[in-house]
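Peer 1:
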Amino acid sequence: MSMCVRSLVLVLCLCCPFATTYAQENNYTASGSETTASSEREQLLEQGILLERQRRWADAIQHYESATKLFSADAKLSRRLSITRLHYDVVRRTNDSGLNRVISSVSVDDVLDLYSEVLARLETSYVDEIAMHDIVRSGTAYLEVALTEPGFNDLFLNGQDNKAIDRFRNEIHKFTLNGRIKSRHDARRVVASAARLAHQQLGLRPSATVMQFVFGAVGLLDPYSSFLSSTELNEVESQIEGNFVGLGVALKPHQAPLKILNVIPGGPALEAGLVAGDEILQIDAVSCEEVGAERSADMLRGVENSQVKLVVFRPSTRETFERQVRRRRVEVPSVEDVRIQDQAAGVAYLKISSFQKTTAAELDAALWSLHGQGMQSLIVDLRGNPGGWLDASVAAADRFVAAGGIVSTRGKNGIENQNYTASRGGTWQVPLVVLIDDESASASEIFAGAIRDNNRGELVGLNTYGKGSVQGLFHTRALGCGIRLTVSKFYSPSGRAISKQGVQPTIAVEDSANTRMVAKIPASDSVVGVSKDRALAVAVEQAKKQRLTARIPRS
Numbered sequence: 308m309s310m311c312v313r314s315l316v317l318v319l320c321l322c323c324p325f326a327t328t329y330a331q332e333n334n335y336t337a338s339g340s341e342t343t344a345s346s347e348r349e350q351l352l353e354q355g356i357l358l359e360r361q362r363r364w365a366d367a368i369q370h371y372e373s374a375t376k377l378f379s380a381d382a383k384l385s386r387r388l389s390i391t392r393l394h395y396d397v398v399r400r401t402n403d404s405g406l407n408r409v410i411s412s413v414s415v416d417d418v419l420d421l422y423s424e425v426l427a428r429l430e431t432s433y434v435d436e437i438a439m440h441d442i443v444r445s446g447t448a449y450l451e452v453a454l455t456e457p458g459f460n461d462l463f464l465n466g467q468d469n470k471a472i473d474r475f476r477n478e479i480h481k482f483t484l485n486g487r488i489k490s491r492h493d494a495r496r497v498v499a500s501a502a503r504l505a506h507q508q509l510g511l512r513p514s515a516t517v518m519q520f521v522f523g524a525v526g527l528l529d530p531y532s533s534f535l536s537s538t539e540l541n542e543v544e545s546q547i548e549g550n551f552v553g554l555g556v557a558l559k560p561h562q563a564p565l566k567i568l569n570v571i572p573g574g575p576a577l578e579a580g581l582v583a584g585d586e587i588l589q590i591d592a593v594s595c596e597e598v599g600a601e602r603s604a605d606m607l608r609g610v611e612n613s614q615v616k617l618v619v620f621r622p623s624t625r626e627t628f629e630r631q632v633r634r635r636r637v638e639v640p641s642v643e644d645v646r647i648q649d650q651a652a653g654v655a656y657l658k659i660s661s662f663q664k665t666t667a668a669e670l671d672a673a674l675w676s677l678h679g680q681g682m683q684s685l686i687v688d689l690r691g692n693p694g695g696w697l698d699a700s701v702a703a704a705d706r707f708v709a710a711g712g713i714v715s716t717r718g719k720n721g722i723e724n725q726n727y728t729a730s731r732g733g734t735w736q737v738p739l740v741v742l743i744d745d746e747s748a749s750a751s752e753i754f755a756g757a758i759r760d761n762n763r764g765e766l767v768g769l770n771t772y773g774k775g776s777v778q779g780l781f782h783t784r785a786l787g788c789g790i791r792l793t794v795s796k797f798y799s800p801s802g803r804a805i806s807k808q809g810v811q812p813t814i815a816v817e818d819s820a821n822t823r824m825v826a827k828i829p830a831s832d833s834v835v836g837v838s839k840d841r842a843l844a845v846a847v848e849q850a851k852k853q854r855l856t857a858r859i860p861r862s
């Protein structure tokens with residue numbers, strides 16, 4: 308029996324299927340760029356291609372993402388980003404030891420059952436209509452790219468001749484897409500035949516071939532849908548619940564050695580003396596640089612109460628030391644840095660870092676604490692918040708919106724068509740300012756859109772990310788895996804689509820590194836932390852202007 312949990316966790320994945328084969332697409336040169344393109348676009352493209360040739364997929368993704376923000380209409384940059392993301396996903400999955408154990412131990416029929424189950428879920432739950440021909444084409448792209456990656460070949464092909472691999476890679480799309488594929492039964496039949504052909508010509512384990520079609524069936528639908536191994540499924544559910552088994556550290560993505568961005572209060576890493584900025588060089592006897600960031604991060608996870616030995620470098624003191632850390636369940640707060648920002652004016656501040664099942668209760672506790680400290684107005688900081696659980700963002704907005712809509716969702720199935728409105732009870736009337744930026748996404752945009760459309764407060768900062776879709780989390784019966792699937796799109800109370808548009812601030816403030824116009828409101832050095840944070844300085848001034856007598860929430 309499948310289980311659906313609404314989730315708005317932002318993920319990195321590929322957003323469009325290929326119209327040509329990888330073999331055709333990857334015969335590129337920088338000189339093939341359009342002659343009308345600007346020199347800056349040409350330079351960005353050349354830099355990205357260099358990163359691709361070095362197989363630095365994570366760096367290439369970051370490069371192309373920045374480039375496509377500057378030149379959103381440039382098709383070549385967008386396509387390079389798509390191809391780079393596909394390579395990154397293939398490498399990431401190849402480095403998933405747990406997933407590889409599953410592939411090596413199950414029968415091809417088991418994996419084909421998983422493929423059929425995924426296809427059935429796409430037909431019933433995905434927000435848009437799908438064409439099975441395109442789904443098979445996406446899987447073919449995954450297989451072609453996997454066959455170009457040395458890690459995949461070392462793991463599954465046992466030194467197979469490169470010429471044979473190239474011949475198969477260049478011909479597989481003709482085999483899989485030669486006939487008409489109208490149903491999931493047609494798709495299963497074609498993929499089973501492709502697996503047999505790969506085994507005959509390359510000795511590739513049939514289950515490994517079919518799994519590439521499973522990955523492609525979901526991974527090329529949109530940027531937020533993806534296949535989830537059992538480990539990934541547990542992680543997503545832990546994010547929603549607000550707890551996980553681990554060391555209690557937040558890591559900088561895609562970087563090895565592992566750089567610690569934050570140490571969670573009360574977690575084992577903090578008790579072991581680790582601090583933000585530390586770099587994990589070695590886990591047990593394994594070098595992080597040798598196995599890469601994703602494999603290293605996976606090695607930090609493990610059975611509750613098990614121990615791991617870390618070799619850590621601290622840049623601030625230039626010392627290297629060892630720590631033995633015991634893994635345990637860590638509670639991750641979503642409401643942080645709760646404080647009175649300006650004591651004289653009664654301006655309170657709190658940051659919501661994500662939306663999870665504990666957010667509403669954490670927010671209630673924070674609001675009552677601030678109320679007891681003399682809160683007269685409130686700043687809610689959503690900058691950098693990538694989203695989380697839809698219901699949590701609705702509940703948070705309901706704390707401030709007395710009446711009216713909060714968000715509406717629209718999907719293919721009637722069950723996904725929902726209108727969320729304020730419940731009227733327990734509403735805080737305190738004047739409100741919300742900080743947003745271009746990394747405030749999904750659930751953050753639901754909250755911000757509700758505040759803006761209901762004229763409940765000021766939005767200060769940058770236009771938000773523009774992720775206007777809801778993902779459902781589904782368990783699969785086969786192999787204990789899962790899929791995260793876009794099931795609906797959401798709209799602000801006024802009916803405005805959030806996708807690709809985001810939520811606009813009522814007062815735009817750029818950071819000092821941005822060349823666009825900034826609001827010139829001086830920060831007061833007497834107010835904690837605002838002298839280096841222009842958006843916060845503006846928010847404090849707005850909170851002072853809005854200040855009214857704070858009311859106790861209605862019961």
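According to my numbering, the sequence shown is numbered sequentially starting from 308.
Yeah, the Cβ is synthetic: ideal placement off N, Cα and C, and Gly gets one too.
All of these numbers come straight from a predicted model, not from anything done at the bench.
Near VAL598, what residues of its chain come up, given a Cβ to Cβ distance below 8 Å and the 5 sequence neighbours on each side ignored?
Peer 2: Same-chain partners within the cutoff: ASN402, ALA563 and MET606.
Peer 1: Counting Cβ pairs, one atom from each stretch, are 3 or more of them under 8 Å apart for the segment 756–772 and the segment 701–716?
Peer 2: The segment 756–772, when compared against the segment 701–716, does touch it at the 8 Å Cβ threshold.
Peer 1: Can you grab the Cα-Cα spacing for the pair ALA494 / GLY523, in whole Å?
Peer 2: Taking the straight line from one Cα to the other gives about 13 Å.
Peer 1: Please state the DSSP three-state secondary structure of TYR656.
Peer 2: Strand.
Peer 1: Per DSSP, THR627 forms a beta bridge with which residues?
Peer 2: According to DSSP, which records beta bridges pairwise, THR627 is partnered with PHE620.
Peer 1: Would you kindly report the start and end of the unbroken beta strand (DSSP E) that includes SER776?
Peer 2: SER776 -> beta strand (DSSP E) spans 776–782.
Peer 1: Who are the near neighbours of ALA471 in its chain, counting only those whose CB is closer than 7 Å to its CB and skipping five residues on each side?
Peer 2: Hits under 7 Å: GLN508 and LEU509.
Peer 1: With three or more beta-carbon pairs closer than 8 Å as the criterion, would you say the segment 676–688 touches the segment 641–661?
Peer 2: Flag = yes, the segment 676–688 and the segment 641–661 touch.
Peer 1: GLY718 and TYR772 look like a contact to me (Cβ under 8 Å); what is the Cβ gap, rounded to whole Å?
Peer 2: Not confirmed; about 21 Å, so no contact.
Peer 1: Are the beta-carbon atoms belonging to SER613 and LEU565 less than 8 Å from one another?
Peer 2: Not closer than 8 Å, so no.
Peer 1: What does the alpha-carbon distance come out to for the pair ARG621 and ASN407?
Peer 2: Whole-angstrom Cα-Cα distance: 34 Å.
Peer 1: If THR516 sits next to LEU450, beta carbons under 8 Å apart, how far is it from one beta carbon to the other, in whole angstroms?
Peer 2: Going by Cβ atoms, the distance from THR516 to LEU450 rounds to 6 Å, so yes, they are a contact pair.
Peer 1: Does the distance from the CB of LEU788 to the CB of LEU462 come in under 8 Å?
Peer 2: With the sequence shown as reference, residue 788 is identified as Cys, and Leu is not the correct amino acid for it. Contact flag unset, no.
Peer 1: For ALA710, count neighbouring C-beta atoms within 10 Å of its own C-beta (all shown protein chains included) and say buried if the count is 16 or more, exposed if not.
Peer 2: Classification for ALA710: exposed.
Peer 1: Below 8 Å CB to CB, which residues in the same chain sit around ASN465 once its five sequence neighbours on both sides are set aside?
Peer 2: So the list reads GLY510, once near-sequence residues are dropped.
Peer 1: How is ALA337 classed by DSSP in three states: helix, strand or coil?
Peer 2: Here the model assigns ALA337 a pLDDT of 40, short of 50, so the residue's position is not dependable, and the following value carries that caveat. In this structure, ALA337 counts as helix in the three-state DSSP scheme.
Peer 1: Which residues does DSSP list as the beta-bridge partners of LEU685?
Peer 2: Per DSSP, ALA655 and LEU739.
Peer 1: Going by CA-CA distance only, name the one from GLY775, ARG496 and THR624 that's closest to GLY694.
Peer 2: Among GLY775, ARG496 and THR624, the Cα nearest to that of GLY694 belongs to GLY775.
Peer 1: Three or more beta-carbon pairs under 8 Å between the segment 480–490 and the segment 437–450, yes or no?
Peer 2: Short answer: they touch.
Peer 1: Quick check on DSSP: helix, strand or coil for PHE378?
Peer 2: Residue state, collapsed to three classes: coil.
Peer 1: Tell me the DSSP secondary structure of GLU643 in three-state form.
Peer 2: If DSSP states are grouped into helix, strand and coil, GLU643 belongs with the strands.
Peer 1: Do you know whose CA, among ALA846, ASP416, LEU352 and VAL397, lies nearest VAL741's CA?
Peer 2: That would be ALA846, whose Cα lies nearest to the Cα of VAL741.
Peer 1: Taking all protein chains shown into account, decide if ASP839 is buried (16 or more other Cβ within 10 angstroms of its Cβ) or exposed.
Peer 2: Sequence inspection shows Lys at residue 839; the Asp mentioned does not correspond to that position. It counts as exposed.
Peer 1: Should ALA382 be labelled buried (16 or more other beta-carbon atoms within 10 Å of its own) or exposed?
Peer 2: It is exposed - the Cβ of ALA382 has fewer than 16 other Cβ atoms within 10 Å.
Peer 1: Does the segment 789–803 come close enough to the segment 517–536 to have 3 or more Cβ pairs within less than 8 Å?
Peer 2: Segments in contact, yes.
Peer 1: When we look at the beta-carbon of GLU765 and count the other beta-carbons within 10 Å, is it buried (16 or more) or exposed?
Peer 2: Flag for GLU765 reads buried.
Peer 1: Helix, strand or coil, according to DSSP, for ARG791 in the structure here?
Peer 2: Strand, per DSSP.
Peer 1: With burial defined as no fewer than 16 other Cβ atoms inside 10 Å of the residue's Cβ, what is the status of LEU568: buried or exposed?
Peer 2: So LEU568 counts as exposed.
Peer 1: Can you tell which of LEU352, VAL619 and SER715 has its C-alpha closest to the C-alpha of SER801?
Peer 2: For SER801, the nearest C-alpha among the options comes from SER715.
Peer 1: Taking the alpha-carbon of SER751 as reference, which of ASN692, HIS782 and TYR798 has the nearest alpha-carbon?
Peer 2: That would be ASN692, whose Cα lies nearest to the Cα of SER751.
Peer 1: Look up GLY584 in the DSSP assignment and say whether it is helix, strand or coil.
Peer 2: GLY584: coil per DSSP, three-state reduction.
Peer 1: Between LYS807 and ILE442, what straight-line distance do the alpha-carbon atoms span, to the nearest angstrom?
Peer 2: Cα to Cα, the separation comes out at about 24 Å.
Peer 1: Less than 8 Å between the C-beta atoms of LEU697 and ILE659, yes or no?
Peer 2: Not closer than 8 Å, so no.
Peer 1: Look at the alpha carbon of ALA785 and the alpha carbon of ALA501, and state the distance between them as a whole number of angstroms.
Peer 2: Spanning the two alpha carbons is a distance of roughly 21 Å.
Peer 1: So what does DSSP say about GLU456, is it helix, strand or coil?
Peer 2: Correct three-state label for GLU456: coil.
Peer 1: State the Cα-Cα distance for the pair GLU544 and ARG399, rounded to the nearest angstrom.
Peer 2: Roughly 20 Å separates the two Cα atoms.
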